[in-house]
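J.: Let me begin by handing over the structure; questions about it come next.
Numbering (the UniProt record's numbering), first residue to last: 1 to 315.
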């Protein structure tokens, strides 16, 4: 079925862009599909949005011709999946192409927060080294125990990278994976109690909101570290801030926060915390690969009504 011809005949806008995308991707969507911004054309056959932005139920309901949502990003937690199911819409994301960069970011945060590299840099820039000071000792990575919360594509890539550091690895998933050599731990608090470092790579969304509870953070304890490259909502941020301020957690490497771009002021005052502005996959190469996959999804939809990387919304 040629969806492009069918919908063009109906006179509907084919593609609408919801929220900001990269300039190159926006230009190609406009040139190849006549894409317009949502404010310029509220109804369309297909919408392209970002993982951070997504589409609310109200926005979906305002577009009666909508048949597909293509997401620039791996996360779809910004889109109302109940509305997608109710309307019978197709949904895609960009899995796989973000995996390596995000895994690299997780490992970099782990190294940074355990060894205090960013804090050391600030200490040197403040003139303390030149003044004859000596920075306090930090923690060794090799030989540590690392628990991975969510052993999907990204979690597995993190684990494989960390193997080279000589760490012990374990993980928690809803279901154990028979294809990995790492032990599965039955609950998140148990994993945290075992680990020196808990790396959060679980998918975002309502099902994982607040998964890292105050109990989990307390189980990590004053010698434990948290690294999060998932979504800020997966962690009880209030409990995390309290534990860090009170010295009940040794440190945190945060690639994401709950209410981006607003970072709790208390975190910014702590030298044992590294915060990144949600740039886990922000490399030239990966952004291009994501844009290419978005365009491939759009092209395939208008060619035969299917998507290259469909996201399973069955729940």
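Note that the Cβ used here is the ideal one computed from N, Cα and C, for glycine as well.
(1) Between 277, 243, 34, which lies nearest to residue 266 when the distance is taken from Cα to Cα?
(2) Give the secondary structure of residue 291 by DSSP, where H, G and I count as helix, E and B as strand, and everything else as coil.
(3) Does the stretch 136 to 151 come into contact with the stretch 102 to 114, if we say contact requires no fewer than three beta-carbon pairs (one atom in each stretch) closer than 8 Å?
(4) I'd like the span of the alpha helix (DSSP H) that includes residue 120, first residue to last.
(5) Considering only C-alpha positions, which residue in the set 100, 71, 80, 259 is nearest to residue 207?
(6) Leaving aside the five residues before and after residue 263 along the sequence, list all residues of the same chain whose C-beta is less than 6 Å from its C-beta, in chain order.
(7) Any idea which residues DSSP pairs residue 171 with across the strands?
(8) Drop a sphere of 10 angstroms on the beta-carbon of residue 166, count the other beta-carbons inside from all chains shown, and report buried for 16 or more, exposed for fewer.
(9) Any chance the stretch 93 to 106 sits against the stretch 65 to 84, with 3 or more Cβ pairs inside 8 Å?
(10) Alpha carbon to alpha carbon, how far is residue 14 from residue 62? Give it in angstroms, no decimals.
(11) Just the Cα atoms here: how many angstroms apart are residue 300 and residue 307?
(12) Please check the pair residue 250 and residue 272, which I expect to be a contact at CB under 8 Å, by giving their CB distance rounded to whole angstroms.
(13) Could you pull the DSSP bridge partners for residue 228 from this structure?
(14) Out of 202, 51, 217, which has the shortest C-alpha to C-alpha gap to residue 155?
(15) Can you tell me where the beta strand (DSSP E) with residue 241 in it begins and where it stops?
(16) Hey, residue 252 and residue 268: beta-carbon distance below 8 Å or not?
(17) Measure from the alpha carbon of residue 68 to the alpha carbon of each residue in 58, 49, 137, then state which is nearest.
(18) Is residue 179 helix, strand or coil when you go by DSSP?
(19) Using a Cβ-Cβ cutoff of less than 6 Å, which residues in the same chain neighbour residue 139 once the five nearest sequence positions on both sides are dropped?
T.: From the atom records:
(1) 243
(2) Reduced to three states, the DSSP call for residue 291 is helix.
(3) Enough Cβ pairs lie closer than 8 Å, so yes.
(4) 117 to 125
(5) 80
(6) The residues are 257, 275.
(7) 148, 184
(8) exposed
(9) yes
(10) 15 Å
(11) 6 Å
(12) 7 Å
(13) 200, 254
(14) 202
(15) Not the beta strand (DSSP E): residue 241 falls in the alpha helix (DSSP H), residues 237 to 245.
(16) no
(17) Out of 58, 49, 137, 49 has the C-alpha closest to the C-alpha of residue 68.
(18) coil
(19) 114
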